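Visitor: Please read through the structure below; I'll follow up with questions.
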Amino acid sequence: MKIGISCYPTYGGSGVVATELGKNLANRGHEVHFISYALPYRLNGYYDNIFFHEVKVPEYPLFEYPPYALALATKLADIAIHERLDLIHTHYAIPHATSGYLAREMIRGEHDLKLVTTLHGTDITLVGADPSFLRITRYSINSSDAVTAVSNFLKEETIRTFNPTVPIEVIYNFIEEQVEQPRECKVLRKRLAAHGEALLIHLSNFRPVKRVLDTLEITRLVLPHHPVRLVLIGDGPERSVAERRARELGIENSVTFLGKQDDVYRLLSLGDIFLMPSESESFGLAALEAMYCGLPCVSSNAGGLPELNIHGETGYTAPVGDVESMSRHVLRILSEEGRLEKMSQVARNYALERFHADKIIPMYVDLYRRVLGQSL
Ligand code: GMT
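And the structure:
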């Protein structure tokens, strides 16, 4: 198949999923065209069967708000015709699904193009539900030839908020096995945890919804009972707030801010426990990647997280903001004989058994074939 993929190219779960999906499809012999305003950040290097098309929005003094959605729609239509694309798979409804819809309609009669939309989270729970976008998000969902959501939670939220007229299929996010095996980076671990302390890891885009400050509170509560270091990976609006809060709490010497990093699997593999105290999370891709690296996850029970982090097995969940319970869970994992090792193994096995790319990617391929009317 010839597949166009439109996504956000920046650090963020939806772009990561779209990029890994494209790489995987290309490996399976499909031709993949990424269409976005910049090269997706995990698309580093040369890949057979993958092509990138940059969307440019011309500058014009009248454009206080550059119309990216229109430039994207035009580019999608052009690429669909020139490359004879079978379908476009848009990730994150706003504006990608709308641009995909416009592209399909623009070339109707000239080229038959299908539109698949994957909903990722805040496009439904936050931005799409805003009155400024609600109607067009619903319209774009209903106009897609197929729609998927990354968790049951997100499917239910979509139905509740948009009452769509089309079915929403759940296709979970996935992990790709890495060449470098987890837990191989002993030297780097020694540098981060020079005194042999346990490493708590958090990875996010530091938006308020991630509740990064809770990771500091958890660390403060754990420190008197067990030596730990909190390693924060990523950057975003709450980074400087978190740096200040670490100093206010007097735990700055036990916290390391690494900023944005490319090699997240390597860094995750150094850790002992992953913290994800999010306010809202449709899935929690970073938690899945951490589980694959063998880290039990202490998370909130928001959104789709309990579909991934099984309380008492792959880690623990607690209500949003309940940092006392989360710190107790961290201590339990670190203090009880053999618990860290056991949970680490269960977390990794669960990630591999349930969310392995080899299991999930064929679901997308089947969906594409159904949409195209091809026999499976
Ligand atoms: O969580 C973010 O801030 C990024 C956002 C995105 O769209 O890039 O992530 C959403 O999609 C990810 C991939 O499907 C999910 O793993 C995240 O849970 C989801 N974020 C939220 O629902 C807040």
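Residue numbers for the sequence shown follow my numbering, beginning at 671 and rising by one. We put the CB at the ideal spot given by N, CA and C, even for glycine. In this text the structure is predicted, and so the values were computed from the model without any measurement.
Compute every distance between the C-beta of T828 and the non-hydrogen atoms of the ligand GMT, then say whether any falls below 8 Å.
Guide: Within the sequence shown, residue 828 is the residue found at index 158, counting from 1. T828 Cβ: outside cutoff for every heavy atom of the ligand GMT.
Visitor: Please work out which residues of its chain come closer than 7 Å, Cβ to Cβ, to A1021, disregarding the five sequence neighbours upstream and downstream, and give them in chain order.
Guide: For the purposes of this step, residue 1021 is taken as residue 351 along the sequence shown, with counting starting at 1. Result list for A1021: I845, L958, M961 and Y962, in chain order.
Visitor: Does the separation of the CB atoms of G1008 and H999 fall below 9 Å?
Guide: By one-based count along the sequence shown, residue 1008 stands at place 338. By one-based count along the sequence shown, residue 999 stands at place 329. No, the pair does not count as a contact, with Cβ atoms beyond the cut-off.
Visitor: Along the chain, where does the alpha helix (DSSP H) containing H703 start, and where does it finish?
Guide: As a working mapping, residue 703 is identified with position 33 in the sequence shown. Note, H703: premise wrong, no alpha helix (DSSP H); beta strand (DSSP E) at E701 to S706.
Visitor: Which partner residues of E724 appear in the DSSP bridge assignment?
Guide: In the sequence shown, residue 724 corresponds to position 54, counting from 1. Paired residues: S706.
Visitor: Indicate, with yes or no, if the ligand GMT has a heavy atom lying under 8 Å from the CB of S962.
Guide: Mapped onto the sequence shown, residue 962 falls at position 292. First, the residue type needs correcting, since residue 962 is Tyr and not Ser in the sequence shown. No; taking the cut-off as 8 Å, the Cβ of Y962 has no heavy atom of the ligand GMT nearer than that.
Visitor: Does the stretch 898–907 come into contact with the stretch 868–881, if we say contact requires no fewer than three beta-carbon pairs (one atom in each stretch) closer than 8 Å?
Guide: In short, these stretches touch, since the Cβ pair count reaches three.
Visitor: Is any heavy atom in the ligand GMT found nearer than 8 Å to the beta carbon of T689?
Guide: Counting from one through the sequence shown, the residue named residue 689 turns up at place 19. The ligand GMT never approaches T689 closely enough for any of its heavy atoms to be under 8 Å from the residue's Cβ.
Visitor: Given this structure, state the Cα-to-Cα distance separating D932 from N714, to the nearest angstrom.
Guide: Position 262 of the sequence shown, counted from the start, is the residue given in the question as residue 932. Position 44 of the sequence shown, counted from the start, is the residue given in the question as residue 714. Their Cα atoms are separated by approximately 10 Å.
Visitor: Just curious, the beta strand (DSSP E) that H761 is in, first and last residue?
Guide: Position 91 of the sequence shown, counting from 1, holds the residue named residue 761. Unbroken beta strand (DSSP E) run through H761: L757 to H761.
Visitor: Among residues of its own chain, excluding the 5 on either side of T760, which ones have a beta-carbon nearer than 6 Å to its beta-carbon?
Guide: In the sequence shown, the residue the question calls residue 760 occupies position 90. Within the same chain, T760 has close Cβ partners S676, H766, A767, G770 and T787.
Visitor: From R917, I980 and S939, pick the residue whose C-alpha is nearest to that of L965; which is it?
Guide: Numbered from 1 along the sequence shown, position 295 holds the residue referred to as residue 965. Answer by Cα proximity: S939.
Visitor: Excluding the 5 residues preceding and the 5 following V892 in the sequence, name in chain order all residues of the same chain whose CB lies nearer than 7 Å to its CB.
Guide: Numbered from its first residue, the sequence shown carries residue 892 at position 222. Once the five neighbours on either side are set aside, the close Cβ partners of V892 are V898, S997, V1000 and L1001.
Visitor: Might you give, ordered along the chain, the residues of its own chain that have their beta carbon closer than 8 Å to the beta carbon of I1120, omitting 5 neighbours on each side?
Guide: Look at the range of the chain in this structure, 671 to 1046, and you will see that residue 1120 is not part of it.
Visitor: Of the residues G798, L755 and A763, which one's Cα is nearest the Cα of D782?
Guide: Position 112 of the sequence shown, counted from the start, is the residue given in the question as residue 782. The shortest Cα separation from D782 among G798, L755 and A763 belongs to L755.
Visitor: Measure the beta-carbon distance from P913 to V993 and round it to whole angstroms, keeping in mind my assumption that it falls under 8 Å.
Guide: Taking the first residue of the sequence shown as 1, we reach residue 913 at position 243. Taking the first residue of the sequence shown as 1, we reach residue 993 at position 323. It is Glu, not Pro, that sits at residue 913 in the sequence shown. Their Cβ separation, rounded to whole angstroms, is 18 Å, which puts E913 and V993 out of contact at 8 Å.
Visitor: With burial defined as no fewer than 16 other Cβ atoms inside 10 Å of the residue's Cβ, what is the status of E780: buried or exposed?
Guide: In the sequence shown, counting from the first residue as 1, residue 780 sits at position 110. E780 comes out exposed.
Visitor: One question on the structure: do R712 and K726 come within less than 9 Å of each other, judged by their Cβ atoms?
Guide: By one-based count along the sequence shown, residue 712 stands at place 42. By one-based count along the sequence shown, residue 726 stands at place 56. Not a contact, by the Cβ cut-off of 9 Å.
Visitor: For Y1057, which of helix, strand or coil comes out of DSSP?
Guide: The structure shown has nothing for residue 1057, since the chain only spans 671 to 1046.
Visitor: Between V641 and the ligand GMT, is the CB less than 8 Å from at least one heavy atom?
Guide: Absent from the model: residue 641. The displayed extent of the chain is 671 to 1046, so no value can be given.
Visitor: Measure from the alpha carbon of T831 to the alpha carbon of each residue in I806, I758 and T926, then state which is nearest.
Guide: Residue 831 sits at position 161 when you count from the first residue of the sequence shown. Comparing Cα positions, the closest option is I806.
Visitor: Hey, is H790 close to the ligand GMT, as in C-beta under 8 Å from one of its heavy atoms?
Guide: Reading the sequence shown from its first residue, position 120 is the one you call residue 790. Yes, the Cβ of H790 comes within 8 Å of a heavy atom of the ligand GMT.
Visitor: Rounded to whole angstroms, how far is the Cβ of A696 from the Cβ of V687, which I believe are closer than 8 Å?
Guide: Counting from 1 along the sequence shown, the entry for residue 696 is found at position 26. Counting from 1 along the sequence shown, the entry for residue 687 is found at position 17. Not quite, the Cβ-Cβ distance comes to about 15 Å (not below 8 Å), so this is no contact.
Visitor: Out of I751, L742 and D815, which one is the CA nearest neighbour of L1037?
Guide: The count along the sequence shown starts at 1 and reaches residue 1037 at position 367. Ranking the options by Cα distance to L1037, first place goes to D815.
Visitor: Just mark N979 as buried or exposed, buried being the case when its beta carbon has 16 or more other beta carbons within 10 Å.
Guide: Taking the sequence shown and counting its residues from 1, the one referred to as residue 979 is at position 309. When all chains shown are included, N979 counts as buried.
Visitor: Can you have a look at H790 and say buried or exposed, based on whether 16 or more other CB atoms are within 10 angstroms of its CB?
Guide: Residue numbering aside, residue 790 sits at position 120 when the sequence shown is read from its first letter. Looking at its Cβ environment, which holds 16 or more other Cβ atoms inside 10 Å, H790 is buried.
Visitor: Check the DSSP bridge columns for G985 and list the partner residues they point to.
Guide: Residue mapping note: residue 985 aligns to position 315 of the sequence shown, counting from 1. For G985, which the question treats as bridged, DSSP gives the partners C967 and H981.
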